[in-house]
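The structure appears right after this line, and notes come after that.
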Amino acid sequence: MTQNYFVYMPENRVSAAWGCTAISIGYTEIAPHSNYPPSRHPDDHHFSWSRGRILQAYQIVLISSGRGKLEFGSGRRQLTINAGTIFLLFPGVWHRFAPDVQSGWTEHWIECRGNAFDFALDSGLVSTERPNYSASPEAAGTFAAIHGFAQQDPLANQLVLSTLGLQLLALLCKSDGMAADASARLIDRARMILMERCGSNQPVQDVAAELGVSYPYFRKLFRQQTGMSAKTYQMTVRIKRARDFLVNTDKSVKEIAGLLGFHSAFHFSSQFKEIVGLAPSEFRSRSRG
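Under our numbering, read the sequence shown as residues 940 to 1228, first letter to last.
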């Protein structure tokens, strides 16, 4: 059973290189009718309800039991936080949060810095306007792993802890994306099918049917999401695979054409030259030159 704890760690050049450095981790059970927050953190992390707080890093907080509230932003928007909720705190954004006096709560957190989080914010994968998420079993399991490594030896395990912080970010982005854009997920699945079966020359109409949508809708949606038609994407994937065969194997042009579902070596060569600008044999010669 996890005991109340917190740790603070310095910056780490190695973990910074992959975009996430874990700098603070903790777990606290707040009993009903207890004072909050506990007065045991460094001055830059401690806060009073009346004043609130502004961090200089990202903090992912899981509330696994109890309930409470979160206020954030210049407009002091308030959210009810129930058990099974994760909220993300952003650098430079005012916030305050507290458990309900009657229920208390159990909080888990990891604080991170890094350009992976900056990129997620800049690209809209996470938003300061919608910081709350439903905690998946995977996210709860990741926090359990974080506590294990942090309580064992946080400095020795900082690289692993930073990677787990990155994993939590990925799970939040996945959760948000799944809720926000079903059409993007459908096209991502279509692209995966076309990649996996690039040697079958499967009609793209069959892919639409497999995904349970009409071909006209699929064709329009695919172009909206990727900027190209499904048939063009299919051919692009096949030519990319052909480039790999030409560079990394000694298979003949005829063999490669057969493996990738082209009607003939001539058909393959003409399509390859149209897209790559070189005949297959010339491409192989230059790549190995």
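Positions of the beta carbon are idealized from the N, C-alpha and C atoms, including for glycine. Predicted model only: the values in this text are computed from it and were never measured.
Could you tell me the distance, in whole angstroms, from the CA atom of residue i to the CA atom of residue j?
i, j, result
"I891", "D1127", "Outside the modelled stretch of the chain, which goes from 940 to 1228, sits residue 891, for which no answer is possible."
"S1226", "Q1210", "19 Å"
"A1118", "H1206", "Residue placement at A1118 cannot be trusted, given a pLDDT of 47 that sits under 50; what the coordinates show is reported in the next sentence. For A1118 and H1206, the distance between alpha carbons rounds to 43 Å."
"I993", "R1130", "42 Å"
"M967", "Q942", "Sequence check: residue 967 is Thr here, not Met. Between T967 and Q942, the C-alpha separation is close to 8 Å."
"F1036", "R1182", "55 Å"
"P1142", "E1221", "30 Å"
"A1169", "L1107", "33 Å"
"A1084", "A1022", "19 Å"
"T1165", "W988", "47 Å"
"A955", "D1092", "19 Å"
"A1109", "A1218", "41 Å"
"L1150", "R952", "45 Å"
Can you name the start and end residues of the alpha helix (DSSP H) that residue i belongs to?
i, result
"R1177", "1169 to 1187"
Is it the case that the Cβ atoms of residue i and residue j are separated by a distance below 9 Å?
i, j, result
"I962", "V1000", "no"
"C1137", "R1162", "no"
"L1027", "L1111", "yes"
"L1064", "G958", "no"
"Q1090", "Y944", "yes"
"E1068", "G1012", "yes"
Quick one: residues in its chain with C-beta nearer than 6 Å to the C-beta of residue i, no 5 flanking neighbours on either side, listed in chain order?
i, result
"R1223", "L1185"
"M1134", "V1176"
Could you pull out every residue in the same chain whose Cβ sits closer than 8 Å to the Cβ of residue i, ignoring the five residues on either side in sequence?
i, result
"V1099", "F1088"
"E950", "T960, I962, R1052"
"L1094", "M948"
Count the other C-beta atoms from every protein chain shown that fall within 10 angstroms of the C-beta of residue i, then say buried if there are 16 or more, exposed otherwise.
i, result
"E1213", "exposed"
"G1031", "exposed"
"W1048", "buried"
"H1034", "buried"
"T1188", "exposed"
"V1192", "buried"
Could you pull out every residue in the same chain whose Cβ sits closer than 7 Å to the Cβ of residue i, ignoring the five residues on either side in sequence?
i, result
"P1043", "Looking at the sequence itself, residue 1043 is Gly, so the reference to Pro does not match. Here the set comprises I969, A970, P971, S973, G1005."
Since residue i is in the beta strand (DSSP E), which residue starts that stretch and which ends it?
i, result
"R1035", "1034 to 1038"
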